[in-house]
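Taken in sequence, the protein lines are chains V, E, F, Y, U and L. Note that numbering that gives the first Met the number 0 numbers the first sequence so that position 82 is 81, with each residue one more than the last. Note that numbering that gives the first Met the number 0 numbers the second sequence so that position 92 is 91, with each residue one more than the last. Note that numbering that gives the first Met the number 0 numbers the third sequence so that position 28 is 27, with each residue one more than the last. Note that numbering that gives the first Met the number 0 numbers the fourth sequence so that position 176 is 175, with each residue one more than the last. Note that numbering that gives the first Met the number 0 numbers the fifth sequence so that position 89 is 88, with each residue one more than the last. Note that numbering that gives the first Met the number 0 numbers the sixth sequence so that position 28 is 27, with each residue one more than the last. In this text, a Cβ means the ideal position worked out from N, Cα and C, and glycines have one as well. Below is one structure, written out as structure tokens; the observations come after it.
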Amino acid sequence: MKACKRIEIVIEKSMVPKLTALVKQLGLDGYTLVPDVRGSGDRGMRRADELSGESSNCLIIIACDDQAKVEALLEGVRPLLVRAGGVCLVSDAHWLRH
Amino acid sequence: MKACKRIEIVIEKSMVPKLTALVKQLGLDGYTLVPDVRGSGDRGMRRADELSGESSNCLIIIACDDQAKVEALLEGVRPLLVRAGGVCLVSDAHWLRH
Amino acid sequence: MKACKRIEIVIEKSMVPKLTALVKQLGLDGYTLVPDVRGSGDRGMRRADELSGESSNCLIIIACDDQAKVEALLEGVRPLLVRAGGVCLVSDAHWLRH
Amino acid sequence: MSVFLASLSAPPLLFFFLGAAAVAVRSDLQIPAQIAKFLSLYLLFAIGFKGGVALSESTFDASIVLTLVAMIVLSAVVPIYTFFILRQRLPIADAAAIAATYGSVSAVTFVTATGYLDVQGISWSGYMVACMALMESPAIVVGILLFNHFGRKDGATGTPVSMGHLLKESVSNGSVFLILGSMLIGWVTGTDGMVQIKPLVKDLFLGLLCLFLLDMGIVAAQRLRDFQQAGERRPSGQTFRVMVAAALLLPVMNATLGLGIASLLGLPEGNALLVMVLAASASYIAVPAAMRLALPEANPATYLTMSLAITFPLNLLIGIPVYHAAIRWLL
Amino acid sequence: MSVFLASLSAPPLLFFFLGAAAVAVRSDLQIPAQIAKFLSLYLLFAIGFKGGVALSESTFDASIVLTLVAMIVLSAVVPIYTFFILRQRLPIADAAAIAATYGSVSAVTFVTATGYLDVQGISWSGYMVACMALMESPAIVVGILLFNHFGRKDGATGTPVSMGHLLKESVSNGSVFLILGSMLIGWVTGTDGMVQIKPLVKDLFLGLLCLFLLDMGIVAAQRLRDFQQAGERRPSGQTFRVMVAAALLLPVMNATLGLGIASLLGLPEGNALLVMVLAASASYIAVPAAMRLALPEANPATYLTMSLAITFPLNLLIGIPVYHAAIRWLL
Amino acid sequence: MSVFLASLSAPPLLFFFLGAAAVAVRSDLQIPAQIAKFLSLYLLFAIGFKGGVALSESTFDASIVLTLVAMIVLSAVVPIYTFFILRQRLPIADAAAIAATYGSVSAVTFVTATGYLDVQGISWSGYMVACMALMESPAIVVGILLFNHFGRKDGATGTPVSMGHLLKESVSNGSVFLILGSMLIGWVTGTDGMVQIKPLVKDLFLGLLCLFLLDMGIVAAQRLRDFQQAGERRPSGQTFRVMVAAALLLPVMNATLGLGIASLLGLPEGNALLVMVLAASASYIAVPAAMRLALPEANPATYLTMSLAITFPLNLLIGIPVYHAAIRWLL
Ligand SMILES: Nc1ncnc2c1ncn2[C@@H]1O[C@H](COP(=O)(O)O)[C@@H](O)[C@H]1O
Ligand SMILES: Nc1ncnc2c1ncn2[C@@H]1O[C@H](COP(=O)(O)O)[C@@H](O)[C@H]1O
Ligand SMILES: Nc1ncnc2c1ncn2[C@@H]1O[C@H](COP(=O)(O)O)[C@@H](O)[C@H]1O
Ligand code: NA
Ligand code: NA
Ligand code: NA
């Protein structure tokens, strides 16, 4: 088991392509995406019921064991959150290597 | 980045309105809700296949950096779990402020 | 609140029955399953759009406060990840007992 | 007997069997959850609209009011005796939840019965749909009242739910609202409206019912199988015997009451069958949903398994034709 | 007036009311998200195919080109004056987003209008569907250009999106693509193709429109209610008044322009109504989606609420019959 | 040639093209996952039921048994030679998985072919549907046997799956179960049953096939594009050439075998085409699902891409009309 960071991002659906592009560009190992999650926050209720996707969030989970890349990712994520809201949580985890 | 608690609650769909009302009443910043998740526990399999929603769980994630509110939330969640089952996990995380 | 491990597994849909069987066999308290999540990793994009389910992942969350069982679970999970890819993250959490 | 076989060999019922068989052979056949939800909404929408249009064509008479009143009263009375029969043998919360479940109705059983009548060319009245919708909720209120009165004392957890809230719940309940709303629209737009959407509400009705019952067969059978592993929720053997007995006998008792009402009111064949079916059927959507909120002490592994996995198939496969035979024989 | 009541008592509109009513009584009635998405795809598919087949049967003439050009120009002009009207009263990003929203069109309003015409037996031309599809995107480009030119200076966050990218976006936009594609296929396969899939694209059309509008009613009403709790996003009272005024007046202004175009081109009754509806309607799918990407500074609680929760119902319930009356009266 | 164009200009195929085009222009057009799943269930349900009803009307004769036996044998033989052709050029697990994939069938290709025949007014027999269902699984068993015998030795990970388990899997496989079950019900209820659900199973068939193929076009094209980024899974250039060659040649070889069987058995035009299509088509649902379980060593980026993104479109767009022409020419 290898120590790593678990990065969890909740962001508006429309921003996801930007985010996955960033993940790819930074050469991270991968990500997991849970589509169409709901929520509530500074910008009110988000029911994931808009056909435009405006009220849908996505939950993205990224495991990364390279601190430098983690920093870079967070730097890249911040402006997205500023523009479209959402949250980004970082916690410690252990990665079962196979 | 600000230290915070990451509260993760799996609870029966029917209890969610009570839970979100609690979150609101406590003045927490927000929550994220993943609808219709499945699972298994003390009360057997839950396939999220009942039209009544009886067998559907919801996964709620709450980030909170105010310990007092965290305590209050947990106090409010416990009776719900007692009545309808489910789990509540609390872990440490860092919140990327934007 | 009781200290426990939070085990989070992202694995191909087809492997889930094997995994839940393992959870049951080890006598763990339960698990939560988020179906049809997407992602990207060593094996490329997984859009959860295949009728065969080949491109669908599942996200499984398991809380366990018995270290021995955790070990056993990880031992059992490793071969599944080897065969079908995916990730397994373990982190510390506190379990709200009810 | 021929009637019986006729009904058993109708596609919708056979697809219910097929769904159950899929579970039996551990097939991975599944209907996506949102599709199942949509099919049930469609059935409520279609039956409501059809009922409304029928109503708009029929002349209003007293028997309509009488039937409505009689059936609503029935749906409030059934829970009472059911509760007192069961309270000795089951946890009081379960007794109350089962009482509410059997006082209320199963829309799909009703819908299947109307399909059965249509195929046999037997007419039935649009107001029976209103009857069905209005029978969904009263039992919930009665069940909670019973529990609050007899149950709370022995220190049940949680705060009792206010009646006002319950009444609000019961009118605003999604399925009740959709049936009544569609019915109103059908009644307002009448035959002109029907011409516009007949292909959806009439032509596709039996076909989509087949697909929905396929799902119901899977879910019901699944539930029976999971029952073995209901964990701490699993009712004791003793409780189990009571459950099965009640799930088999209550429909018969209630159908008989329905038959009584039908003969008292001198209802025509079609309506009489629907009255019996409404009386005999038990809710597995609206009531369980309400019970989880208002009566979480009650164990869904008990009342939901009874209505969904035993009473529903019983009425669907044996009940409808048997009730029909009884009507032909007695009325 | 009769026309007006006739339209209000059509099932699709009544189901829109029903959806709104469900939210009003706090019912838990909901259409599953993937079903709602599918119903909207179905409507685009069906209207596109119908339009294409109609086109294949009609003889091509200059008035087609004229109408197309006139309407595309309109969809590019509307945003400009809308922007200059609103920029004083609203944040510049919001003004630009609203401008784009109202320059573009609402496919469902158009679809409902065609249903309205079909039921009344008034003919309309297939190329109007192409018109609708081609009007979806230009406004987006204009809106962004306006913002880049007048807005960026006052230090807006984020990098401006390249025009090339925007143009690509607008042709590859899912709904535009599906309408144009289905239309092309309808045009290629003509009546032979229609014979094959008529039961889906024609017979079920109004029925499925009812179910879709039921969902729209729920979503629109929900949005109006959530508006109170739009958190930090919640527009100020002043802004709110501007929003409501604009959402009510812009459709009227634009419909009038549409009427002008229709009379200039001497369009027949059916097409004239569709032209007015296209002009009056505002986008609540394609444009908001594009704005979230290209103009995240703009607040969806402003422009999306306007188009979805105010202008859409206005056109649907009052607009269509009123525009129709105006045509009858003036043309 | 005219036949060819005729088939290409049928709406279902054009919608497949449209889906592929959507990916080509990077459109965000998508069919919700549960809808796609439901459409595929619908097609199996409808084709099964139609086949069953047809069977109930047809007189039973030896040629039926002969055809069934011949085709099942074929579906067991194809994997064998496919395996030996490919084992030199590809990893042994992939060779086995591809063998199973091509021995089995694609229900949608079959369904499209029946639609093609219906539109052209060429009759075909209900038992061909049984044929299709029975051909889904044997190849899976053969493929695994081949791998267990030739592959395991070179230390493959994981424990071999028991045959008993495999056989169980193959009968209880969701799609096989639904086809056979619907067929049985169609056969039992016959024309009476068909009258009840014809609007769903017959009238909507081609329309819903269009929507399903639209999704298939998107998924197949998407897969081809993702192939570039299949990460560590990405087959080498050499492997890639083998894949493409096999995905193009195997259908032709197998179709020829099918043609041989058809002429030996002297099958009528319609059945002959279906036999060729069944032989030529490759599974992209049942077999890949089974392979992920039983043969995870095999790389889905190889066998699934071959069947879904190359062979499926090949059969759909070129195969069906070409096989038809061959039959007209030779038989
Ligand atoms: N404190 C929180 N905990 C968990 N999720 C949150 C929290 N705040 C916001 N979110 C999620 O982020 C989305 C956007 O947040 P906001 O930008 O604050 O409106 C919300 O809809 C929630 O899904
Ligand atoms: N140990 C566990 N780890 C993760 N999720 C659990 C666990 N136990 C229960 N759950 C979730 O909580 C739901 C209700 O649990 P229970 O009340 O124990 O039946 C289950 O259906 C699971 O989704
Ligand atoms: N670094 C990562 N962080 C989060 N999820 C991942 C990561 N790597 C892989 N995954 C998930 O695991 C699935 C299979 O991974 P792989 O076997 O690497 O293709 C992917 O589709 C993702 O959903
Ligand atoms: Na009842
Ligand atoms: Na407009
Ligand atoms: Na084959």
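Sequence-distant residues of its chain with Cβ nearer than 7 angstroms to residue i (five each side left out)
{"i": "residue 309 of chain U", "result": "243, 246 and 247"}
{"i": "residue 134 of chain Y", "result": "70, 71, 74, 103, 104 and 277"}
{"i": "residue 54 of chain V", "result": "45, 46, 47 and 48"}
{"i": "residue 62 of chain L", "result": "264"}
{"i": "residue 224 of chain U", "result": "22"}
{"i": "residue 209 of chain Y", "result": "10, 11 and 14"}
{"i": "residue 313 of chain L", "result": "247 and 250"}
{"i": "residue 97 of chain F", "result": "none"}
{"i": "residue 195 of chain Y", "result": "none"}
{"i": "residue 156 of chain U", "result": "At residue 156 of chain U the pLDDT is 49, less than 50, meaning the model places this residue with poor confidence and gives no usable figure here."}
{"i": "residue 154 of chain L", "result": "Per-residue confidence for residue 154 of chain L stands at a pLDDT of 47, beneath the threshold of 50, marking its modelled position as unreliable; the derived number appears in the next sentence. Result list for residue 154 of chain L: empty, nothing under 7 angstroms."}
{"i": "residue 19 of chain Y", "result": "216, 219 and 220"}
{"i": "residue 222 of chain U", "result": "304, 307 and 308"}
Classification of residue i by the beta-carbon crowding that lies within 10 angstroms, buried from 16 upward
{"i": "residue 23 of chain U", "result": "exposed"}
{"i": "residue 7 of chain V", "result": "buried"}
{"i": "residue 164 of chain Y", "result": "exposed"}
{"i": "residue 251 of chain L", "result": "exposed"}
{"i": "residue 265 of chain U", "result": "exposed"}
{"i": "residue 124 of chain L", "result": "buried"}
{"i": "residue 99 of chain V", "result": "Nothing about residue 99 of chain V can be read from this structure; chain V reaches only from 0 to 97."}
{"i": "residue 240 of chain U", "result": "exposed"}
{"i": "residue 148 of chain L", "result": "exposed"}
{"i": "residue 295 of chain L", "result": "buried"}
{"i": "residue 82 of chain U", "result": "buried"}
{"i": "residue 170 of chain U", "result": "exposed"}
{"i": "residue 236 of chain L", "result": "exposed"}
Proximal residues to residue i (C-beta, below 8 angstroms), its chain only, five neighbours per side dropped
{"i": "residue 5 of chain F", "result": "60, 61, 62, 89, 90, 91 and 92"}
{"i": "residue 329 of chain U", "result": "258 and 262"}
{"i": "residue 73 of chain E", "result": "6, 87 and 89"}
{"i": "residue 83 of chain E", "result": "10, 11, 13 and 14"}
Neighbourhood of residue i by C-beta, 6 angstroms cutoff - its chain only, sequence neighbours within 5 removed
{"i": "residue 99 of chain Y", "result": "78, 138, 139, 142 and 286"}
{"i": "residue 261 of chain U", "result": "271 and 274"}
{"i": "residue 290 of chain U", "result": "96 and 297"}
### Query
Can you pull every residue whose C-beta falls closer than 6 angstroms to some heavy atom of ligand 2, listed in chain order?
Any residue whose Cβ sits closer than 6 angstroms to a heavy atom of ligand 2 makes the list: E/9, E/38, E/39, E/40, E/41, E/42, E/45, E/56, E/84, E/85, E/86, F/28, F/29, F/30, F/31, F/60, F/61 and F/62.
### Message
Assess contact between the stretch 120-138 of chain Y and the stretch 162-177 of chain Y, defined as three or more Cβ pairs (one per stretch) separated by less than 8 angstroms. Is contact present?
### Response
yes
### Message
Contact between the stretch 194-204 of chain L and the stretch 31-44 of chain U is defined here as three or more beta-carbon pairs at a separation below 8 angstroms; is this criterion met?
### Response
no
### Query
In chain order, which continuous runs of the alpha helix (DSSP H) of length 4 or greater are located wholly inside the stretch 199-243 of chain Y?
204-226
### Message
I'd like the ranges of any alpha helix (DSSP H) spanning at least 4 consecutive residues and lying wholly in the stretch 33-120 of chain Y.
### Response
61-85, 91-102 and 106-119
### Given 8 angstroms, three or more beta-carbon pairs between the stretch 182-189 of chain U and the stretch 40-55 of chain U
yes
### Query
Taking one C-beta from the stretch 11-30 of chain F and one from the stretch 27-35 of chain E each time, how about it: are there three or more such pairs within less than 8 angstroms?
no
### Task
Please list the segments of the alpha helix (DSSP H) lying wholly inside the stretch 127-180 of chain L, counting only runs of 4 or more residues, in order along the chain.
Qualifying alpha helix (DSSP H) stretches, in chain order: 137-145 and 162-171.
### Message
Could you tell me which whole alpha helix (DSSP H) segments of length 4 or greater appear in the stretch 25-96 of chain V?
### Response
66-83
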